[in-house]
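Structure first, commentary second.
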DNA sequence: CCACGGTGAGACAATCGTGTCTCACGTGAG
DNA sequence: CTCACGTGAGACACGATTGTCTCACCGTGG
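Residue numbers (full-length UniProt numbering), protein chains in the order written: chain A, 1 to 182; chain B, 1 to 182.
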């Protein structure tokens, strides 16, 4: 009978990604449990969001691990990263939108992720694979932004889900301009 | 003594971009007026946000006009567009984040903007200037996303304000990969 | 069989944001 | 000068959400 905490978190993530202003009651009903039980597992809305953040961080770190960011060309590492991070894109989009209103502390877990991702861009720039006039910090931010944008566009039906990785990676790496064949 | 409605809207935009959950009272104090007066000019929070949306649409349309999207190469048109839209980036970022929770109607004013912007991408693809494997709808969405991301990154101090246009345009057009000299 | 732990349902007060109202004040126009 | 207008300050009630509590129910394990 014990509630599956992880399943609750996932349904909450799915709901809050679509409706960031959803009530605790709506979150509970979306998870198929009562508000009382939801409150037994998560002391309040803040606790729920923080748990969601932990889940997002964990999924991102797992995706980074699976992507083997240090192996091979930086461009290929980025392709693997986006492919691995796609399942968490919705959750990430929610947290990315939510983080705009924090400004206070609590960024430590994200700082580690930022550093790991930025490292790929630094490596690509040092190897001459990436251009150097776009700062790694901005490229990292842009990666988040494109992932979130594509997640929203996918939910809105403006982008086909199967094109997710291609759209994000190709724009991030190659840009909109047609590339001349070398 | 009459309150400058436009100045109120601009300070509200600046505040809400940083703090989307700001109270009507905070909005009023940020504008240097009382909550009563704010409520005399905008019937409620919805009315305020809708007025903000109208302002954002108007500024975007003005930017599109100034950018002369139909003139010259599509890439140059996009550069002009981003440059002209930069002053409204903060407001746009707020509205872009806010729109994620609409889902209902009221998209008509934005649809016109989407169409105008997407037309540039279509033109670039037809002229062979842009690659064709990224859909105009996605490129339009990505433009919004990158503008919003860069606005947030700028406010957070992760990107220098003077680099705004360069960072957005160069990533959108050229991508992160180093381009071989033709 | 029975006790126990976890759950659902509902009641409850407290809090917060909101919308509305009143009243006093200051300024500018007539 | 006087009056009308717009404003600031504050009080007030309402609704929504939240956090807490109680009670009844049910499955499982002893």
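Where is the CB? At the ideal position from N, CA and C, for every residue including glycine. Only a predicted model underlies this, so the values are computations on that prediction, with no experimental measurement involved.
Going by C-alpha positions, residue 165 of chain B is about 48 Å away from residue 40 of chain A. Inter-residue distance for residue 76 of chain A and residue 129 of chain A is about 11 Å (C-alpha atoms, whole angstroms). Against chain A, the beta carbon of residue 178 of chain B has neighbours under 7 Å at 128, 129, 130 and 131, listed in chain order. Chain B places a beta carbon closer than 7 Å to that of residue 138 of chain A, counting this residue as a contact. DSSP, reduced to helix, strand and coil, places residue 95 of chain B within a helical segment of the structure shown. Residue 11 of chain A is outside the set of residues whose beta carbon lies under 7 Å from a beta carbon in chain B. In summary, residue 7 of chain A is exposed, with fewer than 16 beta-carbon neighbours lying within 10 Å of its beta-carbon over all protein chains present. Distance from the CA atom of residue 110 of chain A to the CA atom of residue 179 of chain A, rounded to whole angstroms, is 34 Å. Approximately 19 Å separates the beta-carbon atoms of residue 136 of chain B and residue 148 of chain B; this is outside 8 Å, ruling out the contact. Pairing residue 13 of chain A with residue 91 of chain A gives a Cβ-Cβ distance under 7 Å. Assigned with DSSP and collapsed to three states, residue 38 of chain B falls in helix. With respect to chain A, the C-beta atom of residue 167 of chain B has a partner C-beta closer than 7 Å.
Taking a contact as a CB-CB distance under 8 Å, the pair residue 86 of chain A and residue 67 of chain A does not count as one, their CB atoms being some 11 Å apart. Counting every other CB atom within 10 Å of its CB across the protein chains shown gives residue 126 of chain B a total below 16, marking it as exposed. Counting only unbroken stretches of 3 or more residues, no beta strand (DSSP E) element lies wholly within the UniProt domain "HTH tetR-type" (2-60) of chain B.
Under DSSP, the beta-bridge partners assigned to residue 130 of chain A are B/177.
Spanning the alpha carbons of residue 95 of chain A and residue 177 of chain A requires a straight line of approximately 31 Å. The contact set of residue 173 of chain A on chain B, defined by CB atoms closer than 7 Å, consists of 175, 176 and 177 in chain order. Interface criterion not met: the Cβ of residue 67 of chain A is under 7 Å from no Cβ in chain B.
Taking a contact as a CB-CB distance under 8 Å, the pair residue 49 of chain B and residue 38 of chain B does not count as one, their CB atoms being some 13 Å apart. Here residue 123 of chain A is not near residue 64 of chain A, since their CB atoms are 7 Å or more apart.
Looking at A/21, A/121 and A/23, the one whose alpha-carbon comes closest to that of residue 74 of chain A is A/121. Residue nearest to residue 112 of chain A within the set A/16, A/20 and A/54 is A/54 (criterion: CA-CA distance).
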